[in-house]
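Those sequence lines, one after another, are chains P and A.
When we follow the numbering used here, the leftmost residue of the first sequence carries the number 1099, and every step to the right adds one.
When we follow the numbering used here, the leftmost residue of the second sequence carries the number 2, and every step to the right adds one.
All C-beta atoms, glycine included, are put in the ideal place defined by N, C-alpha and C.
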Amino acid sequence: MSAAHDHYYLPNPSPWPLIASTGLFTLALGTALTINDLGAGPWLLLVGAVIVAYMMTRWFGQVIAESEGAAYNEQVDTSFRMGMAWFIFSEVMFFAAFFGALFFERHFSIHWIAEDHLLWPGFRAVWPTSGPKGAAFTPMNPWGIPAINTLILLTSGATVTWAHWGLLKNNRAQLIVGLILTILLGISFLTLQAHEYYLAYTHFGLTLKAGVYGATFFMLTGFHGLHVTIGTIMLIVMLIRSIKGHFRPDHHFAFEAVSWYWHFVDVVWLALFILVYWL
Amino acid sequence: MASAAANHEAHPAGLKRWLFTTNHKDIGTMYLLFSLLMFFVAGSFAMVIRAELFSPGMQIVQPYFFNELTTMHGLVMIFGAIMPGFVGFANWLIPMMIGAPDMALPRLNNWSFWILPFAFTLMLSSFFMPGGAPGTGWTMYAPLSIQAGIGMDFVIFSIHLLGISSVLGAINIIVTILNMRAPGMTLMKMPMFVWTWLITAFLLVAVMPVLAGTVTMVLMDRHFGTHFFDAAGGGDPVLYQHLFWFFGHPEVYIMILPAFGIISQIIPTFSRKPLFGYESMVYATASIAFLSFIVWGHHMFTVGMPAPAEMFFMYSTMLIAVPTGVKIFNWVATMWRGSLSFETPMLFAIGFLVMFTIGGLSGLMLAIVPADFQYHNTYFVVAHFHYVLFSGAAMAMMGGCYYWLPKWTGHMYNETLGKWHFWLTTIFFNVTFFPMHFLGLAGMPRRIPDYALQFTDLNRVASIGAFGLGLTQLLWVYVVYQTVKGGKKAASKVWDGAEGLEWTLTSPPPYHSFATAPVIE
Chain P
1099 MSAAHDHYYL PNPSPWPLIA STGLFTLALG TALTINDLGA GPWLLLVGAV IVAYMMTRWF
1159 GQVIAESEGA AYNEQVDTSF RMGMAWFIFS EVMFFAAFFG ALFFERHFSI HWIAEDHLLW
1219 PGFRAVWPTS GPKGAAFTPM NPWGIPAINT LILLTSGATV TWAHWGLLKN NRAQLIVGLI
1279 LTILLGISFL TLQAHEYYLA YTHFGLTLKA GVYGATFFML TGFHGLHVTI GTIMLIVMLI
1339 RSIKGHFRPD HHFAFEAVSW YWHFVDVVWL ALFILVYWL
Chain A
2 MASAAANHEA HPAGLKRWLF TTNHKDIGTM YLLFSLLMFF VAGSFAMVIR AELFSPGMQI
62 VQPYFFNELT TMHGLVMIFG AIMPGFVGFA NWLIPMMIGA PDMALPRLNN WSFWILPFAF
122 TLMLSSFFMP GGAPGTGWTM YAPLSIQAGI GMDFVIFSIH LLGISSVLGA INIIVTILNM
182 RAPGMTLMKM PMFVWTWLIT AFLLVAVMPV LAGTVTMVLM DRHFGTHFFD AAGGGDPVLY
242 QHLFWFFGHP EVYIMILPAF GIISQIIPTF SRKPLFGYES MVYATASIAF LSFIVWGHHM
302 FTVGMPAPAE MFFMYSTMLI AVPTGVKIFN WVATMWRGSL SFETPMLFAI GFLVMFTIGG
362 LSGLMLAIVP ADFQYHNTYF VVAHFHYVLF SGAAMAMMGG CYYWLPKWTG HMYNETLGKW
422 HFWLTTIFFN VTFFPMHFLG LAGMPRRIPD YALQFTDLNR VASIGAFGLG LTQLLWVYVV
482 YQTVKGGKKA ASKVWDGAEG LEWTLTSPPP YHSFATAPVI E
């Protein structure tokens, strides 16, 4: 609450919140119908996705225009920063639910199942497992693709920071090269992960249906992969904006927000690598 | 700065004003009206439930539809009536109380609201799906929720939408409080209502994503063959309960901390004394929030947890009585030797104090593991949480409504009718829910449409009370309507004992509260 108490920034009435809600509703309804093989489900899903994508482009576009038009003061900048930080905290808690599930199933539930000789005779609680009735599978070797992916993501964390240094020094070339490198590393990560999923399904019998190991493996790595995808899209937007000449050394909240998000995705991966693949 | 400085009173008229608004007062009004609507929707479900329970045997609804109603009564009251109601208060009051022109992120604010009507359309439409709405209870325990019909998917997606709304709304409130305070408004000078909402918002950001993750696991188990909650694949239905109550217990405090805040504003005003022990009140609120993360197991004592876990959850739960006791003590001490007067808001506050304490004490009884084995899943639990949620959360909002309505509308409400509303609500509430303690202790299970003959008399009493309670709320709507339409002009400082920045503004306040920041000594 340092600056600018003499003039507050108050945005004009905006149609985007209502359009965003309409899009989310259509998307949710479409998904609910699609997974139950009902009526126009897929079409609604598509329409919802288009509305959400269009809304995001326009709403973010408006905010970018306001930002570049110097409409925002220091207080707005702080509000945005705090908002992004708390949003990332909510994401941490979302992942915590799935890590919690992994911890509980691995350290409690499979042991309780093994102790029950009447219901599940002959089941031994050894991790990884697909449970007493699950199909056989081979778990992922952490020192293959996952180790390479760890290296890729850690490197991308360094390149995005290098890009940030470029921005702070007003070195536009370093900013752009750093962003391009980060995006390429992100895409490499996603490609390798797609290949890993392909191998899991075709060679290792490791699927979503492979008991608790399959469920926690795919939900954790899947949601992480989704976040890498979102992060990569955000980085691409930052690249386009950098090429267009947006951002100044003292005014680049969007870039920092994206880099925070990218580091957050990086940290989640480290937890995944250790707790899902390695231990 | 094109829009802001030009004209603070300018805004579009008609429907567009409400659809596209970025104004905290408009959004607060929409939240409050939506909450009132959902209060009546969920309340009407309760009326059907009580009508069915008026006599033993099956009368007016099918057993499965009864289950749908108990589920939807809970979900709609919690996510539709209580939570949005408090967000409405937060929207209206926080900017005025901290000396800000509006919320920190006004467009996000409007989005948080407009998700709600869509989310509840989705949730309530599950009634019309093949198989109907889920009959799982609002807790949606696996494996029942895994086996439920299509309606469950609608509820899951509506919970995702509600989660987005709550998290975005909570982020906005945190950022507003931390970043928009007027110069000199230090954290420890903030009104208690602002403090309780800061802590509530933190709880929301921390646990709503956990609920989103949990219902996502249910969705995956239902449609994509995962085994999170299925022992055949190494999963465990008990995991669902742990995850759900890790969200569920902080959720309980999400629904009561803002009520504490409202009560902490009302009691000093009508005692004409500052709040006793302000600092201890802040620390007690923070302690309750912290403890809320480590007590969830008390909702599932009978599920077969290891004994050390039961002990831990029992003692941590009982510990909550300490900060809560501090609060009750402080409210009573505020009234001690105060120059008391008993306008409608004060009546609601005192009613809250007495009846919330009854609910708190029955909660302490439920915290004791061996006792809970008897009380679990009986009407005793229903009595307990209605004492904290109706006479706690809902009546605090009613009190808050009478307290700030003159500020919001610029008109005084009808004091006589307000008092009638209070007394009828209090009497009918106790007629409805006090007998449920006895029913529960005698062994009547909750969520069952039929019961043994010996429970008939007390159920009749409860049903009559419930119908009275429901009808009484129409009186509330009438008083609010009358006040909005007209009435005696309210002064800026509506109550002579009131303290705080909101009373320095006119009644009704300007469209944007503080165009320039006020100075706080």
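is_contact[residue i, chain A] using C-beta, thresh 8 Å
{"i": "phenylalanine 1185/P", "result": "yes"}
{"i": "phenylalanine 1196/P", "result": "yes"}
{"i": "asparagine 1268/P", "result": "no"}
{"i": "proline 1244/P", "result": "no"}
{"i": "serine 1228/P", "result": "yes"}
{"i": "valine 1310/P", "result": "yes"}
{"i": "threonine 1330/P", "result": "no"}
{"i": "proline 1109/P", "result": "yes"}
{"i": "threonine 1280/P", "result": "no"}
{"i": "asparagine 1134/P", "result": "yes"}
{"i": "tryptophan 1114/P", "result": "yes"}
{"i": "phenylalanine 1063/P", "result": "Lying before the first or after the last residue shown, residue 1063/P is absent from chain P, which here runs from 1099 to 1377."}
{"i": "phenylalanine 1357/P", "result": "One point to set straight first is that residue 1357/P is serine, not phenylalanine, in the sequence displayed. By this cut-off, serine 1357/P is not an interface position."}
{"i": "methionine 1154/P", "result": "no"}
{"i": "leucine 1377/P", "result": "no"}
{"i": "threonine 1236/P", "result": "no"}
Residues bridged to residue i [DSSP beta-bridge criterion]
{"i": "arginine 1346/P", "result": "His1349/P"}
{"i": "proline 436/A", "result": "Looking at the DSSP assignment, proline 436/A forms no beta bridge with any residue, so it has no partner."}
{"i": "lysine 489/A", "result": "Answer is none; lysine 489/A lacks a bridge partner."}
{"i": "histidine 1322/P", "result": "Histidine 1322/P is not bridged to any residue."}
{"i": "histidine 412/A", "result": "Lys490/A"}
{"i": "proline 446/A", "result": "Thr379/A"}
CB contact below 8 Å: residue i versus chain P
{"i": "histidine 243/A", "result": "yes"}
{"i": "tyrosine 189/A", "result": "Per the sequence presented here, residue 189/A reads as methionine, with tyrosine not at that position. No, its Cβ sits nowhere closer than 8 Å to a Cβ of chain P."}
{"i": "histidine 12/A", "result": "yes"}
{"i": "leucine 106/A", "result": "yes"}
{"i": "asparagine 378/A", "result": "no"}
{"i": "methionine 2/A", "result": "For methionine 2/A, the predicted structure reports a pLDDT of 33, less than 50, and the residue's modelled location is therefore unreliable. The matter cannot be settled from this model."}
{"i": "leucine 204/A", "result": "no"}
{"i": "tryptophan 112/A", "result": "yes"}
{"i": "alanine 207/A", "result": "yes"}
{"i": "alanine 134/A", "result": "no"}
{"i": "leucine 240/A", "result": "yes"}
{"i": "glycine 234/A", "result": "yes"}
{"i": "glycine 226/A", "result": "yes"}
{"i": "tryptophan 246/A", "result": "no"}
{"i": "serine 15/A", "result": "Strictly speaking, residue 15/A in this sequence is glycine, with serine absent from that position. Output row for glycine 15/A: interface = no."}
{"i": "proline 210/A", "result": "yes"}
{"i": "glycine 1/A", "result": "Not covered by the structure: residue 1/A. The range shown for chain A is 2 to 522."}
Exposure of residue i, with buried meaning 16 or more beta-carbon neighbours within 10 Å
{"i": "valine 520/A", "result": "exposed"}
{"i": "valine 1363/P", "result": "buried"}
{"i": "glutamine 242/A", "result": "buried"}
{"i": "alanine 14/A", "result": "exposed"}
{"i": "valine 296/A", "result": "buried"}
{"i": "leucine 70/A", "result": "buried"}
{"i": "aspartate 1175/P", "result": "buried"}
{"i": "asparagine 1268/P", "result": "exposed"}
{"i": "tryptophan 1376/P", "result": "exposed"}
{"i": "arginine 1346/P", "result": "exposed"}
{"i": "proline 131/A", "result": "exposed"}
{"i": "serine 340/A", "result": "exposed"}
{"i": "asparagine 8/A", "result": "Because asparagine 8/A sits at a pLDDT of 47, beneath the cut-off of 50, its placement in the model cannot be relied upon, and the following sentence gives the value as read from the coordinates. Flag for asparagine 8/A reads exposed."}
{"i": "arginine 108/A", "result": "buried"}
Any non-hydrogen atom of the ligand MN within 7 Å of residue i CB
{"i": "proline 184/A", "result": "By its list of ligands, the structure shown contains no ligand whatsoever, and the ligand MN lies outside what it can speak to."}
The segment 504 to 517 of chain A: positions lying closer than 8 Å to chain P by Cβ: His513, Ala516 and Thr517
Residues in the segment 288 to 319 of chain A having any Cβ partner in chain P nearer than 8 Å: Within the segment 288 to 319 of chain A, no residue qualifies.
Residues, ordered as in the chain, of the segment 82 to 96 of chain A that lie near chain P by beta-carbon distance below 8 Å: Taking 8 Å as the cut-off between beta carbons, none of the residues of the segment 82 to 96 of chain A comes near chain P.
Every unbroken alpha helix (DSSP H) inside the segment 114 to 190 of chain A [4 residues or more]: 145 to 148 and 151 to 180
Alpha helix (DSSP H) runs contained entirely in the segment 319 to 399 of chain A, provided each spans 4 or more residues: 322 to 336, 345 to 368, 370 to 376 and 380 to 389
Segments assigned alpha helix (DSSP H), at least 4 residues, entirely inside the segment 51 to 96 of chain A: Those alpha helix (DSSP H) runs which fall completely within the segment 51 to 96 of chain A and span 4+ residues are 64 to 76.
Length-filtered (3 minimum) beta strand (DSSP E) runs lying within the segment 192 to 259 of chain A: Segments of the beta strand (DSSP E) lying fully in the segment 192 to 259 of chain A: there are none.
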